[in-house]
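**Student:** Dumping the structure here so I can ask a few things about it.
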Amino acid sequence: MKGKVTLEEHFALPETFTSTTRFSKKGMGEDLRHRLMDLQGDRLREMDEFGIEFAIQSLNSPAVQAVPNVTEAIALAQRANDVLANEVVKRPDRLAGFAALPMQDPEAAAEEMKRCIKDLGFVGVNVNGFSQRENQNSLVYYDVPEFRPFWAVVEELEVPFYLHPRNPLTDQMPFFDGHPWFTNSPWAFALETAMHALRLMGSGLFDEYPKLQLVIGHLGERIPFDLWRLDHRLKKSPQGIPAKKTMREYMRNNVHLTTSGQFYDPPLHLTMHEVGVERIMFSVDYPFETTEDACVWFDDAVLTEPERLAIGRDNAIKLFNLDLK
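Under this note's numbering, the residue at position 102 of the sequence shown is numbered 126, and the numbers go up by one with no gaps.
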């Protein structure tokens, strides 16, 4: 399929690259570094080769979210956003930007978001999971009351919020001890991100701000595969959950999913059944996944052509109000 749009694609600054080396095989670190730093060369060449017209870029994980010093986190977010804006302006026909935000300070995050959307022309926000604040063992999640004014600004700006994974603090999770191969992207990313997304839904956030639109990757971090049981058990044992609606209702009205790193028909088909074709968008997760793997799979996936067009292009154009014909 020609004209694909993709939106979980990453770049890095020199100071944020070191946190991503564990995702590459031995001896591949320099290639990963090159691909993360280069937004105008191989990235665009591969997009051309495999039929991607447009890609929304975001800072690698965990980056800003792993900087406990609030002042330093604010400065890093601003620097990353300025770098990305300078790259996007070179090829606005091919690239757009997601804002990195210093969520350690909700007020500063809201101000930086406004700057990125109104002044830099970014099309949304990408935040790498929970934030560490003041010390390395802190975990700040965004369902807590101090973030309600921030979410009000997100709704006012009418921009999607991409909740991207980061590794949980596995030293607080003894079941990972001795099993490092299950940390990060094989399993821990989904565990962490799904719980954060469910916290947002369960907190009543989308009842208070019903126009908010959340995006999560990897076909929903496994939430769609257990959605029936989740609502079934919450109905039988709600235990005071603040949410006024079912998780399925939020997933079908306030959440969008991408195919990033999930290049396999059966989970795609299940997700389509559970949340609807209109809530799913194609993505690669470049450069941690290859453009070729993602595109060859998607172009051959068992879909009707209207479904392929919606997932591969139209849904993203509509959600992010992209100026693409």
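All C-beta atoms in this analysis are idealised placements derived from N, C-alpha and C, irrespective of residue type, glycine included. In this text the structure is predicted, and so the values were computed from the model without any measurement.
(1) With residue 240 as the anchor, note down where its beta strand (DSSP E) starts and where it stops.
(2) Determine the extent of the alpha helix (DSSP H) in which residue 150 is found, giving its start and end residues.
(3) Quick one: complete alpha helix (DSSP H) runs, 4+ long, within the region 169–248?
(4) Using CA atoms only, rank isn't needed, just tell me which of 191, 151, 131, 153 is closest to residue 174.
(5) On the CB-based measure, 16 or more other CB atoms within 10 Å of its CB, does residue 198 come out buried or exposed?
(6) Report the rounded CA-to-CA distance for residue 264 versus residue 228, giving the unit in angstroms.
(7) Taking only three categories from DSSP, how would you classify residue 127?
(8) Tell whether a beta-carbon distance below 8 Å holds between residue 307 and residue 77.
(9) Counting only runs of 3+ residues fully inside the region 275–326, write out the beta strand (DSSP E) ranges in chain order.
(10) Let me know if residue 328 comes out buried or exposed under the rule of 16 or more other beta-carbons within 10 Å of its beta-carbon.
(11) Check this for me: beta carbons of residue 250 and residue 272, under 8 Å apart or not?
(12) Spatial neighbours of residue 144 within its chain, please: CB distance less than 6 Å, with the 5 preceding and 5 following residues excluded, ordered by chain position.
(13) Would you call the CB atoms of residue 149 and residue 37 closer than 8 Å?
(14) Can you tell which of 89, 113, 116 has its C-alpha closest to the C-alpha of residue 126?
(15) Exposed or buried, what is residue 206 when buried is set at 16 or more other beta-carbons lying within 10 Å of its beta-carbon?
(16) Thinking C-alpha only, which one of 115, 309, 57 is nearest residue 39?
**Tutor:** Put simply:
(1) Position 216 of the sequence shown holds residue 240. 238–240 is the span of the beta strand (DSSP E), which, as asked, contains residue 240.
(2) Taking the first residue of the sequence shown as position 1, residue 150 is located at position 126. Counting along the chain, residue 150 falls outside any alpha helix (DSSP H), though it belongs to the beta strand (DSSP E) covering 148–151.
(3) 172–181, 212–226, 229–232, 242–245
(4) If you number the sequence shown from 1, residue 174 lands on position 150. Ranking the options by Cα distance to residue 174, first place goes to 131.
(5) Sequence index remark: in the sequence shown, residue 198 carries index 174 (1-based). Its Cβ having fewer than 16 others within 10 Å, residue 198 is exposed.
(6) Counted from its first residue, the sequence shown places residue 264 at position 240. Counted from its first residue, the sequence shown places residue 228 at position 204. Roughly 11 Å separates the two Cα atoms.
(7) Translated into positions along the sequence shown, residue 127 becomes position 103. Coil.
(8) Taking the sequence shown and counting its residues from 1, the one referred to as residue 307 is at position 283. Taking the sequence shown and counting its residues from 1, the one referred to as residue 77 is at position 53. Result no, Cβ atoms of residue 307 and residue 77 do not sit closer than 8 Å.
(9) 279–282
(10) Taking the sequence shown and counting its residues from 1, one reaches residue 328 at position 304. So residue 328 counts as exposed.
(11) Here residue 250 corresponds to residue number 226 of the sequence shown, with the count starting at 1. Here residue 272 corresponds to residue number 248 of the sequence shown, with the count starting at 1. Taking 8 Å as the Cβ cut-off, residue 250 and residue 272 do not qualify as a contacting pair.
(12) Along the sequence shown, read from residue 1 onward, the residue named residue 144 stands at position 120. Hits under 6 Å: 109.
(13) For the purposes of this step, residue 149 is taken as residue 125 along the sequence shown, with counting starting at 1. For the purposes of this step, residue 37 is taken as residue 13 along the sequence shown, with counting starting at 1. No; because the gap between Cβ atoms is not below 8 Å, this pair is not in contact.
(14) Residue 126 sits at position 102 when you count from the first residue of the sequence shown. Comparing Cα-Cα distances from residue 126 to each of 89, 113, 116, the minimum goes to 89.
(15) Here residue 206 corresponds to residue number 182 of the sequence shown, with the count starting at 1. Its Cβ having fewer than 16 others within 10 Å, residue 206 is exposed.
(16) Here residue 39 refers to the residue found at position 15 when the sequence shown is read from its first residue. Nearest of 115, 309, 57 to residue 39, Cα basis: 57.
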